[in-house]
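A.B. asks:
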Amino acid sequence: MNRLAAAPSGNPPASLAAMHAQAFPMLARAMIDRAAPHGAEISVAAGSVLFTCGDREAAFYIVLEGSVEVLECEADGAMHSLLVHRDGEFTGSLDLFTDRPNAVTVRASAASRLLRVSRAALEQLILTDRVLADIVLRAFILRRIGYLRQRPFGGAILRSASRAGQEDPVLDLAVIGGGPAGLAASAYAASEGLHTLLVGGSLTCGDAAPGVDALSGFPGTITGLCDGGLLRRAEDQSSRFGAHVLPVRTVSGFDGACYPYRVWLDDGRMIETRSVIVATGMQEGEAGQAPSANTAWLDGFLDTDELGYIHTGRAAAGSMQARAYESSQPGVFAVGAVRAGSVKHVLASIAEGAAAVRVVHRFLDASAH
Ligand SMILES: Cc1cc2nc3c(=O)[nH]c(=O)nc-3n(C[C@H](O)[C@H](O)[C@H](O)COP(=O)(O)OP(=O)(O)OC[C@H]3O[C@@H](n4cnc5c(N)ncnc54)[C@H](O)[C@@H]3O)c2cc1C
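Here it is, written out as structure tokens:
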């Protein structure tokens, strides 16, 4: 079996500019009008703090007039400016859908008028307005990808530095499935310094039954995450993203009897990895049948229910000590629709993907000793 070849590097300036424009878009007046019913307009004085790093209280803000500054906090309490949002731009990151503390402080840098949308109202907006959802979620994921460039987290620096100058053939993490759960997991993992591979599968979300258009009929379906555009961009930006990205490859086999684990791709390549996040979603059944999980490739290796959904945590066989999202196999995690008992929902999948990466860190830290 061939080992995985290194992903190509190099970022043409044009694609960087396009990525920046999508990560920090300026909403047209019509878009702001669509968001307005979900929030409340507020006026703030220059210097007013909207939310603080380390806190969990945060909302989504669209700048109607004025400017807000995003500041990163140093360990010693000092802050430095990352960027300024101006008229039509919006604050926020994927953290708004997770229980992670704010990574930044945001304050008004001038007297400003803002549209404040609470977390709960933002979730509603995302689920009911497909066009805005596309713009906002695309921006949030790209911001996460870009964060690697700005400043990786402390733990990430340590992990990467330990291998400085040498390419470790064994991955820290293989993320299988490029839907919302897998994309969020790989964006967080890569930005936190884990040597990560994302194997995307087909370029659609939630495999629909034959004849069903997965992007129609459900007002909240997120086209930006489901049409593959973001996955393609992540592939283009592989070196910046920090993860190798294989958008159209699927995983055909898994060997959990050895460690590092072995994962086989459909083109015959084999990868070795210290941990795995399974995010392969589910497929609609034939008429009248319940949807089943995309887990045939696991060949019965993990404990699942009768429809293939992966049991995690205490529900996983023999795993009284299992961590959240951890399957019956230590170091193999399941998130999103493929996980037994999960909420089959785009935002829930994003939150699970992000949350599982924390648990992966704990597993890798424990297994390193
Ligand atoms: C028709 C339809 C419409 C929906 N509409 C909505 C909606 O409007 N709002 C909402 O919130 N939720 C909606 N959902 C549910 C939503 O799509 C799922 O909750 C969400 O997509 C789950 O995300 P996920 O990342 O867990 O899985 P998925 O989005 O299913 O992504 C799984 C990914 O894994 C890939 N994959 C599968 N097998 C392999 C393999 N062997 N190797 C590598 N990759 C693999 C797939 O190709 C896919 O890209 C809808 C679902 C369907 C089927």
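Just so you know, the working numbering puts the end of the sequence shown at 546, numbered straight through with nothing missing. For each residue, glycine too, the CB sits at the ideal point set by N, CA and C.
For A298 and D432, what's the separation of their Cα atoms in angstroms?
C.D. replies: The residue you call residue 298 lines up with position 121 of the sequence shown. The residue you call residue 432 lines up with position 255 of the sequence shown. Roughly 43 Å between the two C-alpha positions.
A.B. asks: Is the beta carbon of R426 sitting closer than 9 Å to the one on A361?
C.D. replies: As a working mapping, residue 426 is identified with position 249 in the sequence shown. As a working mapping, residue 361 is identified with position 184 in the sequence shown. Not closer than 9 Å, so no.
A.B. asks: Just the Cα atoms here: how many angstroms apart are A223 and R491?
C.D. replies: Numbered from its first residue, the sequence shown carries residue 223 at position 46. Numbered from its first residue, the sequence shown carries residue 491 at position 314. Their Cα atoms are separated by approximately 50 Å.
A.B. asks: So if DSSP puts C230 in a beta bridge, which residue, or which two residues, is it bridged to?
C.D. replies: As a first step, residue 230 must be located in the sequence shown, where it is residue number 53. DSSP lists no partner for C230.
A.B. asks: How long is the line joining the alpha carbons of A525 and A212, rounded to whole angstroms?
C.D. replies: Here residue 525 corresponds to residue number 348 of the sequence shown, with the count starting at 1. Here residue 212 corresponds to residue number 35 of the sequence shown, with the count starting at 1. Taking the straight line from one Cα to the other gives about 21 Å.
A.B. asks: Can you look up S429 in the DSSP assignment and give me helix, strand or coil?
C.D. replies: Residue 429 sits at position 252 when you count from the first residue of the sequence shown. DSSP places S429 in strand when its eight states are reduced to three.
A.B. asks: Can you tell me whether DSSP reads G332 as helix, strand or coil?
C.D. replies: Here residue 332 is taken as the residue at index 155 of the sequence shown, counted from 1. For G332, the predicted model reports a pLDDT of 30, less than 50, meaning its position is unreliable; a value from the coordinates is still stated below. Note: G332 maps to helix in three-state DSSP.
A.B. asks: What is the DSSP secondary structure of F237, reduced to helix, strand or coil?
C.D. replies: Within the sequence shown, residue 237 is the residue found at index 60, counting from 1. Strand.
A.B. asks: Just to check, is the beta-carbon of E461 closer than 8 Å to a non-hydrogen atom of ligand 1?
C.D. replies: Along the sequence shown, read from residue 1 onward, the residue named residue 461 stands at position 284. Relative to ligand 1, the beta carbon of E461 is positioned inside 8 Å of a heavy atom.
A.B. asks: Have a look at S475 and L309 and give me their C-alpha separation to the nearest angstrom.
C.D. replies: For the purposes of this step, residue 475 is taken as residue 298 along the sequence shown, with counting starting at 1. For the purposes of this step, residue 309 is taken as residue 132 along the sequence shown, with counting starting at 1. The question names Ser, but residue 475 in the sequence shown is Leu. Cα-Cα distance, rounded: 37 Å.
A.B. asks: When you compare only the Cα positions, how much space is there between D449 and C435?
C.D. replies: Your numbering for residue 449 matches position 272 in the sequence shown. Your numbering for residue 435 matches position 258 in the sequence shown. As written in the sequence, residue 449 is Glu, which differs from the Asp given in the question. The alpha-carbon of E449 is positioned some 10 Å away from that of C435.
A.B. asks: Where does V520 land, buried or exposed, given buried means 16+ other C-beta within 10 angstroms?
C.D. replies: Your numbering for residue 520 matches position 343 in the sequence shown. Counting Cβ neighbours within 10 Å, V520 comes out exposed, since fewer than 16 surround it.
A.B. asks: Classify R500 as helix, strand or coil using the three-state DSSP reduction.
C.D. replies: For the purposes of this step, residue 500 is taken as residue 323 along the sequence shown, with counting starting at 1. R500: coil per DSSP, three-state reduction.
A.B. asks: Counting only C-beta atoms, is S429 closer than 9 Å to chain D at any point?
C.D. replies: Although the question refers to chain D, the structure presented lacks it and comprises just one protein chain.
A.B. asks: Do you know how far the Cα of F274 is from the Cα of V537?
C.D. replies: Position 360 of the sequence shown holds residue 537. Position 97 of the sequence shown holds residue 274. Approximately 19 Å, taken between the alpha carbons.
A.B. asks: Does the beta carbon of G265 fall short of 8 Å from some heavy atom of ligand 1?
C.D. replies: Reading the sequence shown from its first residue, position 88 is the one you call residue 265. No, the beta carbon of G265 sits no closer than 8 Å to any heavy atom of ligand 1.
A.B. asks: What's the gap between the Cα of Q506 and the Cα of A517?
C.D. replies: Stepping through the sequence shown from its first residue, residue 506 is reached at position 329. Stepping through the sequence shown from its first residue, residue 517 is reached at position 340. Looking at the two C-alpha atoms, the distance is approximately 15 Å.
A.B. asks: Is the region 300-319 touching the region 239-259 in the sense that three or more CB pairs, one from each, lie closer than 8 Å?
C.D. replies: no
A.B. asks: What does a CB cutoff of less than 7 Å around A543 pick up in its chain, not counting 5 residues either side in sequence?
C.D. replies: For this step, residue 543 is matched to residue 366 along the sequence shown. Within the same chain, A543 has no close Cβ partners at all.
A.B. asks: Could you check whether the Cβ of N279 sits closer than 8 Å to any heavy atom belonging to ligand 1?
C.D. replies: The residue you call residue 279 lines up with position 102 of the sequence shown. The answer is no for N279.
A.B. asks: Tell me whether A456 counts as near ligand 1, meaning its Cβ is closer than 8 Å to at least one heavy atom of that ligand.
C.D. replies: For the purposes of this step, residue 456 is taken as the residue at position 279 of the sequence shown. Correct: A456 has its Cβ closer than 8 Å to ligand 1.
A.B. asks: By Cβ distance below 6 Å, which residues in the same chain neighbour W441 in space, the five residues on each side in sequence not counted?
C.D. replies: Walking along the sequence shown from the start, residue 441 turns up at place 264. Same-chain partners within the cutoff: S429, G430 and M447.
A.B. asks: Which runs of the beta strand (DSSP E) at least 3 residues long sit entirely within the region 433-457? Give them in chain order.
C.D. replies: 438-442, 447-450 and 453-455
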